[in-house]
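Student: Handing you this structure, nothing more for now.
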Amino acid sequence: MAKQQSILVVDDDPEMRALLLDVLRNEGYDVVEVKDGTEAVLALRARRFDLILMDKNMPGPSGLDLLPGFRRVCPDSQVVLMTAFGDVPSYMEAVEKGAAEYLFKPFRMEELKAAISKALHSDVQSRP
Amino acid sequence: MRGQWTRTVGNRLRHNLTTRLIILLALALMAITGVNDYTRLVHEREQLVAQTQEDERIFAETLALAVRYNLRRGRTTDELTDLLGELVARPGLVATVIYDPDGKVVAQTVAPGAEAPAPDDLVRQSLTQREPVSSVMDGPSGRILRYVQPFRWPAGRAGAIEVQQTLREMERQFRRAVRSTIVSRLVVLALFVLSIIILTRWSIARPIRALVAAARAVGRGDLGQRIAVPRQDEIGELAAEFNRMAENLQTANAELVRQAEERLRLEQEVQQAQKLAAVGMLAAEVAHEIGTPLNVISGRAEVLERAVPREHPERRHLDVILSQSERIKGIIHALLDYTRPRRPTLRPEPILGIVGRVASILMDRSQRRGVRLQLDLPIGLPLVMADPEHLQQVFLNLILNALDVTEKGGVVRITAGPHPELPTDGRTGIVRGKATAPTLAIHVIDQGKGLAAEELNHVFEPFFSTKGHGKGTGLGLPITEEIVRAHRGEIEMLSIPAKGTEVIVRIPLADESPAPVATEEAAEHGH
């Protein structure tokens, strides 16, 4: 069996984290959850993740603020950003800063799974 | 009282032109005819005198013949006196005297009241020279013409007969001629003055009064006023020129009214857009706050949905939860769509028109605030790809901010050019958006307190305001950023604390713009 793909969930809302954890673990991913940017940085120092699923709006540095640093520190980790729907400017900025996918809350779990598998798929392709 | 006085003076002035013309022409006419009449009357008088003299000569000669004939018959002096007495009936005859060769009076008749003539030098001169002599002398009742005619006295000597005739009749005739001349001249003068008055009233005063009335109407604001003067002369020209002026005034006025209406419409639109944008920002905030819990609810329901078989009796509760979550999502979507500014329709536009219109809207406000709004945009800037209404909102927000933070007496400048105007020393900056095509950069520079690097990082976030409570909503810059991004442009904010802030908006150029500035700008961007 191939090694489990790992996901770091970064969201300040505990209920949202719990939901994402349940759904993604159920999908067979190795999931770690943190509640903000600082914890995310610590987690990324400790190990690598195939994908970072991150809320845009958080206390402290926002998802958009963290994005460039993450792309630099761990360029092979794909980033999927989540934000409120209708936030088109953030979407454009996120794409500019190198986010692989973008989810508008509230999204369906099917959308989540599709976005994550798509991001991970492009990750495989982008590797030499 | 005062009004009446002014009116009287006004009337006098209005009539002045006609009066002066009449006086001038009448004087000229009087001078010309006066000289003519004078010479004619002098000539007439001479003729009258000559005619009287001639009459007297003929009378005296006839009388001399008669006397000579009677003397030759040996008539006595008494008889001669009778003869003369018969002749005194001639009108105007004052005296008739017959002198013998020694100059003694032989016979005489004298009109009643007249002085009896005595032989004098004139008579003696005539007797010795045997020539007729005439002269004029002043008598008690007017001038008298004397005529002395010598005739042959018996025994080869010469006697003389003197006829004295008054010139009164002639002078009466002359006076009558003078009187009639004066009367006829006065009649001619009166007719002349009358005709000038009528003429000037008709051809000058009347059209001028029409002009004055029309000018007054235009002055009151009735710009549709025109004068109908179908004439080719100077008055007609003046009327035509007046009509042209009124036409121009009307056009200019209509343009002013149109501009004012346009400005009002624009201001209302901008206000409406700002109101909508504010609601939109609030809606976005609500959407964000609701998004996460809604996501948790629908997500959990989805998880359950997979665990509960379709035919389970309680499955419908899950379906309702999911459909109602979708409904909430739909409501927020609709609210956002309603308040979100529509997509801009980009087309080649001159930036000067867009910025100029905003500057003209804010001119009043800047004057009230005592801040000078200085527009330093050169003519001939290249066209940009823009939606004027959206881009106007960008500059409205930026210039409004600049005016608000600049102290009284300061200047807000709007310039164009590739390089920032603020010096690099102590300058921090932030760029939002990324332009990939060549752009035109417009700078809005204020003389406010400036922003610290920390503040600068948050200025584009909703509800972040440096103006303090009750002054700014904090919505301006996020909206501005969104619009600039929608134009595929970028917005840069540079600031030096205590010195000022410069906002640079870069908007992509329209492809077909051939102006030299465009290539310069493009080259600048390439580096």
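Chains D and H are the protein sequences, given in the same order. Yeah, the first sequence ends on 138 if you go by the working numbering, and it's all consecutive. Yeah, the second sequence ends on 538 if you go by the working numbering, and it's all consecutive. Here a beta-carbon is modelled for each residue, glycine too, at the ideal position from N, C-alpha and C.
1. Roughly how many whole angstroms lie between the Cα atoms of lysine 128 (chain D) and glutamine 282 (chain H)?
2. Quick one: which chain H residues come within Cβ less than 7 Å of alanine 94 (chain D)?
3. Specify whether the segment 166 to 179 of chain H and the segment 91 to 111 of chain H touch according to this definition: at least 3 beta carbon pairs, one from each stretch, less than 8 Å apart.
4. Would you mind sorting threonine 356 (chain H) into buried or exposed? The rule is 16 or more other CB atoms within 10 Å of its CB.
5. Find the residues of chain H that neighbour proline 116 (chain D), judging by a C-beta separation of less than 7 Å, and give them in chain order.
6. With 7 Å set as the bound, which would you pick, yes or no: does the beta-carbon of aspartate 23 (chain D) sit closer than that to a beta-carbon of chain H?
7. In this structure, how does DSSP classify isoleucine 390 (chain H) when only helix, strand and coil are distinguished?
8. Hey, out of H:Leu402, H:Pro449, H:Gly310, whose CA is closest to glutamate 493 (chain H)'s CA?
9. Within a Cβ cutoff of 7 Å, which residues of the same chain sit near glutamate 67 (chain H), ignoring the five residues on either side of it in sequence?
10. Relative to the C-alpha of alanine 124 (chain D), which residue among D:Val90, D:Leu29, D:Ser100, D:Lys107 is closest?
11. Determine the DSSP secondary structure at glutamine 184 (chain H), reduced to helix, strand or coil.
12. Would you list the residues sitting across from methionine 396 (chain H) in a DSSP beta bridge?
13. Among the residues of its own chain, which have a CB less than 7 Å from the CB of alanine 166 (chain H), if the five just before and after it don't count?
14. For glutamate 65 (chain H) and arginine 56 (chain H), I'd like the C-alpha separation in whole angstroms.
15. Taking contact to mean 3 or more Cβ pairs, one atom from each stretch, closer than 8 Å, check whether the segment 30 to 41 of chain D and the segment 69 to 77 of chain D are in contact.
16. Using 7 Å as the limit for Cβ to Cβ distance, is methionine 64 (chain D) near chain H?
17. Can you tell me the Cα-Cα spacing of methionine 41 (chain H) and serine 152 (chain H), whole angstroms?
18. Output the distance between the C-alpha atoms of arginine 517 (chain H) and threonine 491 (chain H), rounded to the nearest integer angstrom.
19. Closer than 9 Å by beta-carbon distance: list the chain D residues that pair up with valine 314 (chain H), in chain order.
20. Taking all protein chains shown into account, do 16 or more other C-beta atoms lie within 10 angstroms of the C-beta of isoleucine 342 (chain H), making it buried, or fewer, making it exposed?
21. Is the Cβ-Cβ distance between arginine 433 (chain H) and leucine 505 (chain H) less than 7 Å?
22. Could you tell me the alpha carbon to alpha carbon distance between tyrosine 110 (chain H) and threonine 139 (chain H), rounded to whole angstroms?
23. Specify, as a first and last residue, the run of the alpha helix (DSSP H) that glutamine 176 (chain H) falls within.
24. Reducing DSSP to helix, strand and coil, say where lysine 66 (chain D) ends up.
25. Relative to the alpha-carbon of tryptophan 164 (chain H), which residue among H:Gly85, H:Val46, H:Ala284 has its alpha-carbon at the smallest distance?
26. Considering only C-alpha positions, which residue in the set D:Asp22, D:Ile126, D:Leu34, D:Ala104 is nearest to alanine 50 (chain D)?
27. Apart from the five residues on each side of it in sequence, which residues of its chain come closer than 6 Å, Cβ to Cβ, to valine 240 (chain H)?
28. Are the CB atoms of alanine 413 (chain H) and aspartate 457 (chain H) within a distance shorter than 7 Å?
29. Apart from the five residues just before and just after glutamine 119 (chain H), which ones in its own chain have a Cβ nearer than 6 Å to its Cβ?
30. Excluding the five sequence neighbours on either side, which residues of its own chain have a C-beta within less than 8 Å of the C-beta of histidine 480 (chain H), listed in chain order?
31. Using the Cα positions of glutamine 261 (chain H) and leucine 234 (chain H), report the straight-line distance between them to the nearest angstrom.
32. Any C-beta of chain H sitting closer than 7 Å to the C-beta of methionine 68 (chain D)?
33. Within the same chain, show all residues whose beta-carbon is closer than 7 Å to that of alanine 463 (chain H), passing over the 5 residues directly before and after it, in chain order.
34. Do leucine 347 (chain H) and alanine 294 (chain H) come within 7 Å of each other at the CB atom, strictly closer than that value?
35. Please classify lysine 482 (chain H) as buried or exposed, where buried requires at least 16 other C-beta atoms within 10 Å of its C-beta.
36. Report yes or no: do three or more beta-carbon pairs, one from the segment 143 to 150 of chain H and one from the segment 33 to 51 of chain H, lie closer than 8 Å?
Tutor: This is what the structure holds:
1. Roughly 44 Å separates the two Cα atoms.
2. Ala295, Ala298, His299, Gly302
3. With the cut-off at 8 Å, the segment 166 to 179 of chain H and the segment 91 to 111 of chain H touch.
4. exposed
5. Gly302, Leu305, Asn306, Ser309, Ser336, Lys340
6. Taking 7 Å as the threshold, the shortest C-beta distance from aspartate 23 (chain D) to chain H falls below it.
7. coil
8. H:Leu402
9. Leu156, Tyr158, Val174, Gln176
10. D:Val90
11. Here glutamine 184 (chain H) sits in helix by DSSP.
12. DSSP lists H:Pro359 as partners of methionine 396 (chain H).
13. none
14. 14 Å
15. Result no; under three Cβ-Cβ pairs closer than 8 Å.
16. no
17. 35 Å
18. 12 Å
19. Leu29, Asp32, Val33, Asn36, Met119
20. So isoleucine 342 (chain H) ends up on the exposed side.
21. Here residue 433 (chain H) turns out to be leucine, not arginine, going by the sequence shown. Against a cut-off of 7 Å, the Cβ pair of leucine 505 (chain H) and leucine 433 (chain H) comes out as a contact.
22. 12 Å
23. Glutamine 176 (chain H) -> not in any alpha helix (DSSP H); beta strand (DSSP E) instead, spanning 168 to 177.
24. coil
25. H:Gly85
26. D:Asp22
27. Pro218, Gly247, Ala250
28. Closer than 7 Å, so yes.
29. Val108
30. With a pLDDT of 35 at histidine 480 (chain H), under the threshold of 50, the modelled position of that residue is not reliable, and the figure given next carries that caveat. Cβ-Cβ distances below 8 Å link histidine 480 (chain H) to nothing in the same chain once the five nearest sequence neighbours on each side are left out.
31. 5 Å
32. no
33. Closer than 7 Å at the Cβ level, and outside the excluded window around alanine 463 (chain H), lie Pro508.
34. yes
35. Model confidence at lysine 482 (chain H) stands at a pLDDT of 37, short of 50, so the residue's coordinates are unreliable and nothing is read from them.
36. Below 8 Å, too few C-beta pairs join the segment 143 to 150 of chain H and the segment 33 to 51 of chain H to call them touching: fewer than three.
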